[in-house]
Structure formats: structure tokens, C-alpha cells
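Peer 1: Right, I'll just put the structure down here and ask away after.
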């Protein structure tokens, strides 16, 4: 079975690596090359990008979506949507959720990964139903975490509730990089054994387990995975696209992607990333503290940036401990 690759370079990669600061002007020159790769989808909107466009970049997030759709017409565009919170920080009424989704589809969005930080399916229901009613792909989400309350049965129950709500696929979202390879194998295997659903896995590289988790999930039958182009991967971010493509080449899970096309994209971002050095997180390798703190990779670079602004960069250890 061919594995579908979603590259997150235009959204979660820069959110995780340099506080969501990547500008549209640095996306458009490489958009045609990205569109030509053959990705299953490209994540390019949602999460913190809507806020960052307005708060820090002076950009219109809706214009960003329209321009990216125009530049990448062949590849499905994907976003991360916070369920009833949309892209804000409070709950919105159902009619607002419906209208937001309608506008997002109209402006070019194809795939909506809908999650709720509390894993409450009631907070995903309105958004998922709106996505399907407007003909887009509704992906429900298991926001992976570990605790005495989060057992295998917890995830199986949530999967069933999402299927009852109505989804086109389900994502296991390991936003903190705490999904162990063996747990990934078990979770994917058990979901696939019980339910006929397309399954996708998203892992962060923060703790050093992501590549192993992806590979074990692929062995267990996962349908697609998230990666980031190599020059925008690792640390608080994600496993490298090229590494996974090379790993699976010539196997039954061959992605069909061309390493040479990917290298040209990596070379571009290798230079672009230098512009954003001031916003980079301090992590150089892996951070085992996150196995305990469980802070999402998409929060860490922003957290460090905010601490730095308050002259409190030396307090990161205390914040993680708290």
C-alpha cells in the first residue's frame, strides 16, 4: 500500500521552528515546485497562522489562502481547525462555525483536520458536519496524550464517536512527540482491526521518537503520515520528508515521490530559513523533558519567543516543570 505524504512546511513546520513567522512572500516562489511533487496534501493554513498573519505579519490570512490555492491548483490544501474554537481562543456559535467553514472552502481549502484539545467530540461535531456539507474532506482527530485516563480503549471509543459524527478520515495527532513506536503500532493496528477508516499519523520530532513511530505505524497499516521538507524539519518540528521517502523506496509502501524534486525544495528553504533566525527555538537536538511536560511542538518556539520578549528566556526550565 502506497503511503500518502502530507508536507507541513507551509504551516506546522514554521509554527514549530520559528514561531509561525513565515511570510507569504517566501512561500509563493516555491509553490509551483511543491505543487509538482505529488503530495497527498499540503498543510498551509490554520493553527496559529491566522493569528500570526494579523498580529505579527500584517498579512490578510484569507488572501494567503487564495494566493496559495492559485499557485498550487493540483495539490489538496489542508488546514488545522480547532473545532468549536475555529482559529480563535474561545468557543463560537454553530452558525459562526458553519459560515467560517463555508468561506474557507470557497477560498480554496480542501482538507480540514478538526481537533479539540480536550478530545471532546461534541466540540468537533459542528465543524466536521459543516466541512462535509460543503463538500470538503473532514478529518477527525485523536489528540494523543498519556495519562492513567488515556488508555487504548479511550482512543477506540473516541474513534467510534468520530465515525458516528461523520468523518472522511481520522488523524492521530502526536503534537508533543510522546507516542512511542510500540504504542503507535498497537494503536494503529487496533483501530484498523475494528474500523474501516482511513488513518493518518502526525508526530513531532521533539523527543526523538517520531521517525520510529511513523515506521511502526506504517507497518501496522496507517494510510498517510505528516512530514516536513528536511531543511524545515526536526527539533520542535517533524520528521524529514526525504528520509521517509528514501526509507520506503522500493517497498510495498513506496511513496512515489522524487527525491531530486524534494532536494530542490529543501535547498530553497535552507536559504529562506536564515531570514527567521531571530525567532528560532533554542533546541539543537532532542528534548527528553517533553516526555514529562508534554508541551506541543507547535507551542514551544512561540513559548520561547514570548519568554524572550519578557526577558525571561532563562525561565524555560521552570515553565516546563510547572
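Residue numbers (my numbering): 4 to 325.
Positions of the beta carbon are idealized from the N, C-alpha and C atoms, including for glycine.
Remember, it's a predicted structure, so these values are computed and weren't measured experimentally.
1) Would you identify the three-state DSSP class for residue 256, choosing helix, strand or coil?
2) Is the distance from the Cβ of residue 171 to the Cβ of residue 142 below 8 Å?
3) What would DSSP say about residue 97, mapped onto helix, strand or coil?
4) Considering just the uninterrupted stretch of the beta strand (DSSP E) at residue 174, what are its terminal residues?
5) So, does the segment 254-268 touch the segment 279-288, judging by three or more C-beta pairs under 8 Å?
6) What number of angstroms, rounded off, separates the C-alpha of residue 293 from the C-alpha of residue 324?
7) Hey, residue 174 and residue 208 are a contact pair by Cβ (cut 8 Å); roughly how many whole angstroms apart?
8) Does residue 21 come out as helix, strand or coil in the three-state DSSP assignment?
9) Report the rounded CA-to-CA distance for residue 308 versus residue 111, giving the unit in angstroms.
10) Measure the alpha-carbon distance for residue 70 versus residue 56 and round it to whole angstroms.
11) In chain order, what residues of the same chain lie with their CB nearer than 6 Å to the CB of residue 225, ignoring the 5 residues before and after it?
12) Start and end of the beta strand (DSSP E) containing residue 165?
13) Is the segment 312-320 touching the segment 15-30 in the sense that three or more CB pairs, one from each, lie closer than 8 Å?
14) Excluding the 5 residues flanking residue 222 on each side, which residues of the same chain have their C-beta closer than 7 Å to its C-beta?
Peer 2: Taking the geometry as given:
1) coil
2) yes
3) helix
4) 172-177
5) no
6) 10 Å
7) 17 Å between Cβ atoms; not a contact.
8) helix
9) 31 Å
10) 14 Å
11) 191, 202 and 204
12) No beta strand (DSSP E) holds residue 165; the alpha helix (DSSP H) holding it covers 155-168.
13) no
14) 188
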